[in-house]
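>
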Amino acid sequence: MSTSNTQLEISSAGHFDAAIRPAPHDARRIPPAHLVDFLRKHTVRMRGWPVPFMDGGQPVHRHGNWIGQEYEDGRHKEAWRLFTSGQFLHRRVLVSDLVQDQQLAADQASATGSVVVWDVLLYTVELVELAARIATDLRCDTVTVNLNLVNIEGRQLVSGDWSRELHGPYLVNSGRLLAQRLLTTTSLLADPRGIAVSLTQDLLGQFGVDVPGQVLMDWQEKTFNR
0 MSTSNTQLEI SSAGHFDAAI RPAPHDARRI PPAHLVDFLR KHTVRMRGWP
50 VPFMDGGQPV HRHGNWIGQE YEDGRHKEAW RLFTSGQFLH RRVLVSDLVQ
100 DQQLAADQAS ATGSVVVWDV LLYTVELVEL AARIATDLRC DTVTVNLNLV
150 NIEGRQLVSG DWSRELHGPY LVNSGRLLAQ RLLTTTSLLA DPRGIAVSLT
200 QDLLGQFGVD VPGQVLMDWQ EKTFNR
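In terms of numbering that gives the first Met the number 0, the sequence shown opens at residue 0 and continues consecutively.
#1: Quick one: which unbroken alpha helix (DSSP H) runs of 4-plus residues sit fully inside the segment 97 to 175? Chain order, please.
#2: Return the chain-ordered list of same chain residues with a C-beta closer than 7 Å to the C-beta of Ser173, the five sequence neighbours on each side being excluded.
#3: With a 10 Å radius around its C-beta and 16 neighbouring C-beta atoms as the bar for buried, classify Thr83 as buried or exposed.
#4: Put Leu93 into one of helix, strand or coil per three-state DSSP.
#5: Rounded to the nearest angstrom, what separates Ala17 and Val124 at their Cα positions?
#6: Out of Gly85, Trp65, Ser197, which has the shortest C-alpha to C-alpha gap to Pro23?
#7: Do you know offhand how far His62's Cα is from Glu128's?
#8: Drop a sphere of 10 angstroms on the beta-carbon of Gly76, count the other beta-carbons inside from all chains shown, and report buried for 16 or more, exposed for fewer.
#9: Helix, strand or coil: how does DSSP classify Gly67 here?
#10: Unbroken alpha helix (DSSP H) runs of length 4 or more, entirely within the segment 4 to 51: which are they?
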């Protein structure tokens, strides 16, 4: 991603760094004039905040074979890019870096901050749903979903919900964690929620915690299906 003031602020915070990459690569999948409408059509609105957020009050930046936008307010900070190949890039600041809430805070004195389980889980579900929509429209053979947690060295994993406490503490020493899947479009469409839960387990496991898949599945269903 190119650099703006908002992008620099995102890069200095704890954030998600996600990519959706359709394959085989085709730089002409989406005409430049259709990029905005393509993304608007496939934006995921499963809870109060969409993925990605397209700010109708600000211009979309056009750079030939890609478009992009940055956005920030008191509770959200993100940047996205969509390419004519169908590649989608998204960076979004972690909720624990934006919202002051004791449920989201680390309780270990040595922790540099926190990563919240439900923030990872729900965003991953939304990201995989977006990948499924893109793959369906483009009729691509496969799609790769990459999800990084960035600037998290020394952070503690917390549930973010006092009714679902973790028996930790679980702290990570790496500054970046990655979960990745190369998926056929058929398998992606067959079980997007299951794939999202598996990706979430990969990320949480790198903190040293093994959260059962059914627990995560029930958690996201309680949020999205209510």
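For glycine and all other residues, C-beta sits at the position ideal for the given N, C-alpha and C.
On the basis of the coordinates in this document:
#1: Given a length threshold of 4 residues, each whole run of the alpha helix (DSSP H) inside the segment 97 to 175 is given here in chain order: 116 to 137.
#2: Position 174 of the sequence shown, counting from 1, holds the residue named residue 173. Excluding positions up to five away in sequence, the list reads Glu152.
#3: For the purposes of this step, residue 83 is taken as the residue at position 84 of the sequence shown. Buried is the call here.
#4: Translated into positions along the sequence shown, residue 93 becomes position 94. Three-state DSSP puts Leu93 in coil, outside helix and strand.
#5: Residue 17 sits at position 18 when you count from the first residue of the sequence shown. Residue 124 sits at position 125 when you count from the first residue of the sequence shown. Cα to Cα, the separation comes out at about 12 Å.
#6: The residue given as residue 23 occupies position 24 in the sequence shown. Among Gly85, Trp65, Ser197, the Cα nearest to that of Pro23 is on Gly85.
#7: Here residue 62 corresponds to residue number 63 of the sequence shown, with the count starting at 1. Here residue 128 corresponds to residue number 129 of the sequence shown, with the count starting at 1. If you draw a straight line from the Cα of His62 to the Cα of Glu128, it comes to about 26 Å.
#8: Numbered from 1 along the sequence shown, position 77 holds the residue referred to as residue 76. In the sequence as displayed, the identity of residue 76 is Lys instead of Gly. Buried.
#9: Taking the first residue of the sequence shown as position 1, residue 67 is located at position 68. In this structure, Gly67 counts as strand in the three-state DSSP scheme.
#10: Assignment of alpha helix (DSSP H) within the segment 4 to 51, counting only whole runs of 4 or more residues, yields 4 to 11, 34 to 41 in chain order.
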